[in-house]
Structures are given as C-alpha cells and as structure tokens.
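Under the numbering used here, read the sequence shown as residues 5 to 436, first letter to last.
All C-beta atoms, glycine included, are put in the ideal place defined by N, C-alpha and C.
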Amino acid sequence: MFWEEKIETMQQGDLQALQLERLKKIAADADQAPFYKNLFVKNKFDPSTIRTLDDVRRIPFTTKEDLREAWPYGLLAVPKDELVRMHSSSGTTGRSTVIFHTARDLDAWTDTLCRSMYMTGMRKADVFQNMMTYGLFTGGLGFHYGAERLGALTIPVGAGNSKRQIQLMRDFDTTVLHIIPSYALHLSGVFEELSVDPRRDTRLRIAFLGAEPHSEKTRGRIEEFYGLKAFNSYGLSEMNGPGVAFECQCQAGLHVWEDNFLMEIIDPDTLEPVADGVEGELVLTTLKREGMPVLRYRTKDLTHIIAGPCACGRTHRRIERITGRTDDMLIIKGVNIFPVQIEKKLMEISDVGNNFQIILERKGYNDHMIVRVEVVKELFSGDLKQLESLRKKIMEELRSDILITPRVDLVEPNTLPKTEGKAVRVIDNRTD
Ligand code: AMP
Ligand code: ZN
5 MFWEEKIETM
15 QQGDLQALQL
25 ERLKKIAADA
35 DQAPFYKNLF
45 VKNKFDPSTI
55 RTLDDVRRIP
65 FTTKEDLREA
75 WPYGLLAVPK
85 DELVRMHSSS
95 GTTGRSTVIF
105 HTARDLDAWT
115 DTLCRSMYMT
125 GMRKADVFQN
135 MMTYGLFTGG
145 LGFHYGAERL
155 GALTIPVGAG
165 NSKRQIQLMR
175 DFDTTVLHII
185 PSYALHLSGV
195 FEELSVDPRR
205 DTRLRIAFLG
215 AEPHSEKTRG
225 RIEEFYGLKA
235 FNSYGLSEMN
245 GPGVAFECQC
255 QAGLHVWEDN
265 FLMEIIDPDT
275 LEPVADGVEG
285 ELVLTTLKRE
295 GMPVLRYRTK
305 DLTHIIAGPC
315 ACGRTHRRIE
325 RITGRTDDML
335 IIKGVNIFPV
345 QIEKKLMEIS
355 DVGNNFQIIL
365 ERKGYNDHMI
375 VRVEVVKELF
385 SGDLKQLESL
395 RKKIMEELRS
405 DILITPRVDL
415 VEPNTLPKTE
425 GKAVRVIDNR
435 TD
C-alpha cells in the first residue's frame, strides 16, 4: 500500500521535527545563492537563528518576478558543474523562469512521483502511457523517471497525435495514463469518431490528471467515459513540477509531500497565515533541493488545508483541489499565459490601436482563445487585403510567443468596452 511507509505515515510531530531540521539546512544552503544572500542581508535575516518552524515567517517571500530577475543563475546554491538538468515553466518561448537540479535533486523528485503513483494503486505490472509534453516542461520527464523507478513499462509518447495515442493504448494494453484533463475530454471525441469504446476496447484503469485546474465534474466525466479512476496531480516547475501534491485512493484532497515541501496558506492581502479550512494562497518552500532552493514561494494558487487524518493512513496533510489564482494567469491546454504577454506583443505591432480583449470559449471539449484587437481606422476603408494580412501577422506573432494559436478578430477603434479603472482584458466563458 505504501512506497515509503516510514515517511508517508510518520507522526505529525516527527514530520515537523524533520521539516525543522531540513528548513535550517535549506536556509543555510540558500545563503550561498547570490539572490538569497542579498535578500537576507536586506531583510536582516540570519538563517542560523531559525529555532522553530514558525521562524519560517521571518524569511521574506520569493515571487516569480524574483526568479526572472535573478535569471539565469542567481538562485544557484551549488557550483554550476554540480547541475545535471534544467527545466522551465510552461507557456512562453521567451525568457521563462528556469529551475536547475543536481543528481540528488532528481533522485528526490523521482521518489515523490513514485510515491504518488504507487499511492493511487499503480504497480510494476502496469503499462504507463505518458501523454505529457517532454522537454523543458516538467510533466513529461518528471513522471517518466517516476514510472520507470516504480518498474512499470513506460511509453514516452508525449503530447498530441490523438489517433496514435489511441492506437498505442490498444496495441500495448496501456493501463495508466498521464494526461491533461482538457485533452482527455477532447480525446473522448476522437474515440467516438473511431467507434472505439475505451471501456470495452482498452485496459485503462488509472489516469493522472494534472497541469491545469479542473473540477470534480470534469474528473467525473473522464472516469465515466474511460472507465477508470482519475487522480489529481498538482505541481509547479518552481517546486520541481509534478509530485508536490497528489490524490490518494480516497480521492478526498491532495496529500502534500511535507518531507519535501514546507506548506503555508496565507491571506494574499494581509500575508498572514489562515486557519485550516480557510481558502488562501499556497506558499511553498523546497526542503530538500540542494541545487536551487526556493524559499516561501508564492504560488498564487488558491486552496485550503483539509483538516484531520486521511483514511488511507498517510499523515502528510491534504489540500483541496486548486480553486483559482490570485493573479490573472490563464491556463489554456495546460499552457500558462499572462494577458500582459499578449499586450506586449500587440503593442509592438504598428497599426494596432489601444484596446484589446481576450475571450476564452469552450467548444465541445476544446478551449479556444479569441483575441479582439482594435486597429487603426484607415484599414477599414479601401483594400481589405491589408486588414487580412495584419490579422495573420498578429496571429503569427502571438502564436510564436504564447505557443497556442488564437483566433484574431480586428475591430474599429473605440468598439471594445472600456472600463473605468482596471481594464477587464479577459472574458472567460469556459464553464464545466
Ligand atoms: P508550470 O510551472 O508550468 O508547471 O505551471 C504550474 C501551474 O499550473 C500551477 O501553479 C497551477 O496554477 C497549475 N496547475 C498545475 N497542476 C494543477 C492541478 N492539478 N490543478 C490546478 N492547477 C494546476
Ligand atoms: Zn490519503
């Protein structure tokens, strides 16, 4: 039932003692990194003064902007030649945040995934089809090594090519999938098109759903259509990627691997801790990562702690599925997109006016992004070819930056709604 029983069922007191010991070490390690050395001096924080877990609150927060500013090597706590792997967050071809790992870091990350998969009932005899993007994105390689360590036959197919995915599932008797939930819904349409019934024609029994927010209802639909049990997998590249928090067979919240991550839930306005059960922003500290420690990282993800023990016997505390974000980051087909990226690109293009709007829609099971852009008035009189070529240009430019292809509509100046105060750039019409 357990992959690492001693750790997974550790009494809370012992777990906290382990966390404290690791917090002291990681804060001292972080002091070796230029970014933290500087931050500690500026905030008069001395890592050797940590006595209790509550002392974590004296450490300043780290944000995505900090990681961008310290790019590329400002958070390294070891010499560069100790590193063996780099990853980055999803979503942009530009300078994204990068994370570095030593061999020991990869080992610890792999263990968290192994534990997570084993916890759902996956075993050595399973055939694991990994349908996440391989490469810089953490979802592919993270799970890949976890599944191999668990001993399962692993099919590293990566994302996309729906018909081939279905063919592989059938040819090799795949039993476990790792898949983005919106893609799982989309793929159900392809199954239907091919008149293949996953319940009848495949041996699927488990799916790991991750990389984007999804509701209980979406899980239900996926379980129903595929005839399997689906488990929520949460992670972010700054904390390795997947393997931060994962559902067990009880499907009642996600266990955070607290020997690897110190969890806080704070009120995003006051920055003070909130009580169990109260929604707030998840803040995480890497407790084991030696290459690039990240302390008190503001994930911007909203959730709450589910109090009380879990029927599975694991003692690591659980969080509720992510309910939203404190910022305006959009997640479309598992790709992170900030509206400001779109604005930046648009404003670089001449003939683009002053206002734009992003509309998100769900057609069938597919998410679509429509970008409505005001352009100069002159383009609407005379040769409409110019308008069309501008439309294509905007689409191409956006695609190269945000990695998904939006539909672009061009409109005359002053036709998009204006708001007083903060612009409402995004209209999200996606509902479950
Ligand atoms: P990345 O760093 O590119 O892996 O993106 C991480 C972000 O994806 C997280 O901060 C969450 O906002 C989102 N995310 C990942 N997994 C989940 C999940 N299971 N449920 C909801 N959001 C998720
Ligand atoms: Zn449990």
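Item	Value
Would Lys46 be called buried (16 or more neighbouring beta carbons within 10 Å of its own) or exposed?	exposed
With DSSP as the reference, label Phe39 as helix, strand or coil.	helix
If contact is defined by three or more beta carbon pairs under 8 Å, each pair taking one atom from either stretch, is the stretch 223 to 231 in contact with the stretch 64 to 83?	no
Leaving out five residues before and five after Lys397 in sequence, what residues of the same chain have Cβ atoms less than 8 Å from its Cβ?	Ile353
In or out: Met90 buried (at least 16 other Cβ within 10 Å) or exposed?	exposed
With respect to the beta strand (DSSP E) encompassing Pro246, which residues constitute its N-terminal and C-terminal limits?	Gly245 to Glu251
Check whether the Cβ of Trp113 lies closer than 8 Å to any Cβ atom in chain D.	Judged by its chain identifiers, the structure shown contains no chain D, having just a single protein chain.
Determine, using beta carbons only, whether Tyr301 and Thr66 come nearer to each other than 8 Å.	yes
Sorry if obvious, but does the Cβ on Pro277 come closer than 7 Å to a heavy atom of ligand 1?	no
Does DSSP put Phe132 in a helix, in a strand, or in coil?	strand
Check whether the stretch 97 to 115 and the stretch 192 to 205 touch, using three or more Cβ-Cβ pairs below 8 Å as the test.	no
With Thr289 as the anchor, note down where its beta strand (DSSP E) starts and where it stops.	Gly284 to Thr290
With a CB to CB cut of under 6 Å and the five nearest residues on each side skipped, what residues in its chain are close to Glu242?	Val298 and Tyr301
Would you kindly report the start and end of the unbroken beta strand (DSSP E) that includes Ser237?	Lys233 to Leu240
Which two residues bound the contiguous beta strand (DSSP E) that contains Ile54?	No beta strand (DSSP E) contains Ile54, which DSSP labels as neither H nor E.
Between Thr178 and Asn134, what straight-line distance do the alpha-carbon atoms span, to the nearest angstrom?	10 Å
Excluding the five sequence neighbours on either side, which residues of its own chain have a C-beta within less than 6 Å of the C-beta of Glu251, listed in chain order?	Phe235, Asn236 and Leu258
When DSSP builds the beta bridges, which residues end up paired with Met267?	Leu288
What residue does the alpha helix (DSSP H) around His259 start on, and which one ends it?	His259 -> not in any alpha helix (DSSP H); beta strand (DSSP E) instead, spanning Leu258 to Val260.
Should Arg321 be listed as close to ligand 2, given that the test is whether its C-beta is under 7 Å from any heavy atom?	no
Locate the alpha helix (DSSP H) running through Ala211, then write down its first and last residues.	No alpha helix (DSSP H) contains Ala211, which is instead part of the beta strand (DSSP E) from Ile210 to Gly214.
Can you list, in chain order, the residues of its chain with a C-beta nearer than 7 Å to that of Thr43? Leave out the 5 residues immediately preceding and following it.	Here residue 43 turns out to be Leu, not Thr, going by the sequence shown. Closer than 7 Å at the Cβ level, and outside the excluded window around Leu43, lie Pro64.
If you scan the stretch 147 to 174 from start to end, which runs of the beta strand (DSSP E) of 3 or more residues do you find wholly inside it?	157 to 159
Any residue with its C-beta under 5 Å from a non-hydrogen atom of ligand 2 counts. Can you list them all in chain order?	Cys252, Cys254, Cys314, Cys316 and Arg318
Keeping to the same chain, check which residues put their C-beta closer than 6 Å to that of Met399; ignore five residues upstream and five downstream.	Val412
Would you identify the three-state DSSP class for Glu227, choosing helix, strand or coil?	helix
Could you spell out where the beta strand (DSSP E) holding Tyr187 opens and where it closes?	That residue, Tyr187, is in no beta strand (DSSP E); its alpha helix (DSSP H) goes Pro185 to Glu197.
Short check: CB of Pro246 to CB of Thr114, under 8 Å?	no
For Ile103, which three-state DSSP category applies?	strand
What are the partner residues of Glu378, as DSSP defines its beta bridges?	Val415
Is DSSP giving Asp18 helix, strand or coil here?	helix
Helix, strand or coil: which one does DSSP assign to Met296?	coil
Return the CA-CA distance between Leu154 and Leu117, expressed in angstroms with no decimal places.	9 Å
Between Phe265 and the rest of its own chain, which residues show a CB-CB distance below 7 Å, the 5 nearest in sequence each way excluded?	Met243, Val248, Leu288, Thr289, Thr290 and Leu291
Please state whether DSSP places Leu275 in a helix, a strand or coil.	coil
Do Thr327 and Lys304 have their C-beta atoms closer together than 8 Å?	no
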